[in-house]
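For the sequence shown, the residue numbers in this note's numbering are 58 to 236.
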Amino acid sequence: MTRVLVTGGCGFIGSNFVRTVLAERPDWEVVNLDKLTYAGRLENLADVAGDPRYRLVKGDICDPEAVAEAMTGCTVAVNFAAETHVDRSLLGAAHFIDTDMKGVLVLLEEARRTGLGRFVQISTDEVYGSIADGSFDENCVLNPRNPYAASKAGGDRLAFAYWATYGVPVVITRASNNY
């Protein structure tokens, strides 16, 4: 049975991912590591809380022990955990750096240590900055314009560096607004 670690799985996007995995992959287990802050709500996954293939671990991705415990036996990790919202980052950038960069580092170190099969970094189009016309693609220069975007870009670059340096199999996605 495939076991996937989902970080931030009680948030809006993460909870929909958890629900989809459980519905579409009957041979997969989900371990959800979530700090349960303003963005993570237990109610988002109340409908799957009793599923024997689902386990919630309350913890912080900045805590190496919590990450090691949650990642045990996993072959895939999908990192939705993040401080979010540009306006919040303007009031307190340090929290964003802690979670979106240090937390990603902790996850990547554990992925490297355990030989994880795949690490998926969920990012944002905010890392590209503003665009007058057209669209962004993965070849565009990163040009973050606020602390939130800069912290996400930093996490992305760490993920890329762990692929380039240590061979950790990394995928980085950069979505636009989700609703």
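No residue lacks a Cβ here, since even glycine has one placed at the ideal position from N, Cα and C.
- Shortest Cα-Cα distance from ASN203 to any of ALA218, TYR185, ASN196 involves TYR185.
- Your pair PHE137 and GLY66 checks out as a contact, with CB atoms roughly 7 Å apart and the cut at 8 Å.
- By the beta-carbon neighbour count (other beta carbons within 10 angstroms, threshold 16), ASP194 is exposed.
- Pairing CYS197 with SER233, the inter-Cα distance amounts to about 15 Å.
- PRO226 and PRO109 have their alpha carbons spaced roughly 28 Å apart.
- Residue pairing by DSSP puts VAL133 in a beta bridge opposite VAL61, ARG175.
- A direct Cα-Cα distance of roughly 23 Å separates ASP117 from TRP85.
- Within the stretch 61-115, the complete alpha helix (DSSP H) segments of 4 residues or longer fall at 69-81, listed in chain order.
- Counting other Cβ atoms within 10 Å of its Cβ, ILE188 stays below 16 and is therefore classed as exposed.
- Annotated three-state conformation of THR222 is helix, per DSSP.
- One alpha carbon belongs to ASP144, the other to ALA206, and they sit about 11 Å apart.
- Rounded to the nearest whole angstrom, the CA to CA distance from GLY149 to ALA134 is 28 Å.
- The C-beta distance from THR141 to ALA96 rounds to 6 Å, short enough to meet the 8 Å contact threshold.
- For THR181, the beta-bridge partners assigned by DSSP are ALA232.
- In the three-state reduction of the DSSP assignment, VAL227 falls in the strand class.
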